[in-house]
Amino acid sequence: MTWRRIAQSLFITVVGSLVAIAAEPDQGVTPTTPATVEPLAPPVPFLFRHNGGHLEWMEGVPNALTGGVELMYEAIALKGERLEFAFGGHPASKQLVIDAAALAPGPNGPSPDRVLFDSRASQLPLVGFRGLFTPTAIVITRITAIDPAAPNRLSWRAVLKQPGHFAGELKSRAGWEPFAAWADEIEIVLRADLVGDGLANLRFAEVHFFGREKRDGQPRQLVRLDRVLKPLAKPEDLDGLEMDGAQYGLQTMKLTIEFAEDGSFGAYKPGVATTTYGTWPEDLRKRPRSLLAPAK
29 MTWRRIAQSL FITVVGSLVA IAAEPDQGVT PTTPATVEPL APPVPFLFRH NGGHLEWMEG
89 VPNALTGGVE LMYEAIALKG ERLEFAFGGH PASKQLVIDA AALAPGPNGP SPDRVLFDSR
149 ASQLPLVGFR GLFTPTAIVI TRITAIDPAA PNRLSWRAVL KQPGHFAGEL KSRAGWEPFA
209 AWADEIEIVL RADLVGDGLA NLRFAEVHFF GREKRDGQPR QLVRLDRVLK PLAKPEDLDG
269 LEMDGAQYGL QTMKLTIEFA EDGSFGAYKP GVATTTYGTW PEDLRKRPRS LLAPAK
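So this is what it looks like as structure tokens:
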């Protein structure tokens, strides 16, 4: 297996969880004149490795990379057994963008029943949520509604299935802070801007966490998110951490966190029945549920 760098005239730029954009000859889409968007960092080449499958640069045609797939954008890594995806058009560009994608596990992935999403080493300026996630699958869907005030903006919804325990860092107003958490499902709303022939300003807009209802012999389990005093040796150690062992945290069935324009953790919205503990930062806003509802 060899790493490939896609030439600039025909390349994919992956955005976080398998979201991509590809330069492509005109497919009949008439681009509008895009508004000027100032990128905060230059475009980053996307590298990928796979053992088999097929790739066609055509709108609406299913593609599949198989036999073990690795994707890198900047320092964000995604790994699995199989990646399926399809391109679609965008009125603000001649380029094709990923409309839908799914990363599945298998024997040639990081584990037979888990995929990997690792953003711990990312230095992208607006990505305010770094962590290591090992869900059972990742499913991406493009949000096709276009904001007339921001026609260059692209948005996707990335769903991480059954990630379980995970840990990493949240960007606060004070800097990067360690956290540990558990969730049965995570939904990330990603945004980026079309700039020239690439993407810029990748950021997380919102992250929704969902607990698990009682099912398949498993008990009901709440989302838990703790700002820990120091990084845990492994994420599973959260189960043995007393509430007073965290600077602050909460447990609830549904939790939404919202990121500010600079990428920092700006607001949170807990579920109906929530246990909070510790000392929460004064500048961290608590949203009423009616103002910031999870999409699920």
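Going by our numbering, the first residue of the sequence shown is number 29, and it counts up by one from there. Glycine is no exception: its CB is placed at the ideal position from the N, C-alpha and C atoms.
Among the options, the one whose alpha carbon lies nearest that of residue i
i, options, result
"residue 204", "241, 154, 272", "154"
"residue 138", "159, 95, 128, 172", "95"
"residue 305", "152, 292, 274", "274"
"residue 257", "238, 83, 198, 312", "198"
"residue 169", "175, 156, 184", "184"
"residue 237", "83, 151, 186", "186"
"residue 75", "239, 309, 228, 107", "107"
"residue 87", "279, 299, 163, 123", "123"
"residue 102", "89, 152, 300", "152"
"residue 299", "272, 89, 315, 310", "315"
"residue 127", "80, 85, 209, 224", "85"
"residue 163", "140, 173, 174", "140"
Residues that residue i bridges to, as DSSP identifies them
i, result
"residue 284", "236, 297"
"residue 166", "131, 188"
"residue 262", "According to DSSP, residue 262 bridges with nothing at all."
"residue 181", "221"
"residue 204", "199"
"residue 103", "In the DSSP output, where bridge partners are listed per residue, residue 103 has none listed."
"residue 303", "279"
"residue 242", "BP columns for residue 242 are empty, so no partner."
"residue 87", "115"
"residue 108", "97"
"residue 227", "222"
CB contact flag (residue i, residue j, <8 angstroms)
i, j, result
"residue 159", "residue 142", "no"
"residue 207", "residue 196", "yes"
"residue 188", "residue 166", "yes"
"residue 157", "residue 194", "no"
"residue 190", "residue 213", "yes"
"residue 200", "residue 293", "yes"
"residue 82", "residue 91", "yes"
"residue 287", "residue 233", "yes"
"residue 222", "residue 182", "yes"
"residue 211", "residue 239", "yes"
Cβ separation of residue i and residue j, assumed to be a contact under 8 angstroms, to the nearest whole Å
i, j, result
"residue 130", "residue 109", "Actually they do not touch by this definition, with Cβ atoms about 11 angstroms apart."
"residue 125", "residue 111", "Their Cβ separation, rounded to whole angstroms, is 16 angstroms, which puts residue 125 and residue 111 out of contact at 8 angstroms."
"residue 276", "residue 307", "6 angstroms"
"residue 231", "residue 291", "6 angstroms"
"residue 179", "residue 228", "That belief does not hold up - the Cβ atoms of residue 179 and residue 228 are roughly 15 angstroms apart, past 8 angstroms."
Residue-level contact to chain D via CB, residue i, 8 angstroms cutoff
i, result
"residue 190", "In summary, chain D is missing from the structure at hand, where a single protein chain is found."
Does the segment 104-117 touch the segment 235-253, meaning 3 or more C-beta pairs lie closer than 8 angstroms? no
Assess, as a yes-or-no matter, whether the segment 270-286 is touched by the segment 251-259 under the definition of 3 or more beta carbon pairs within less than 8 angstroms. yes
Are three or more beta carbon pairs between the segment 215-224 and the segment 263-275 nearer than 8 angstroms? Because the criterion of three Cβ pairs below 8 angstroms is not met, the segment 215-224 and the segment 263-275 do not touch.
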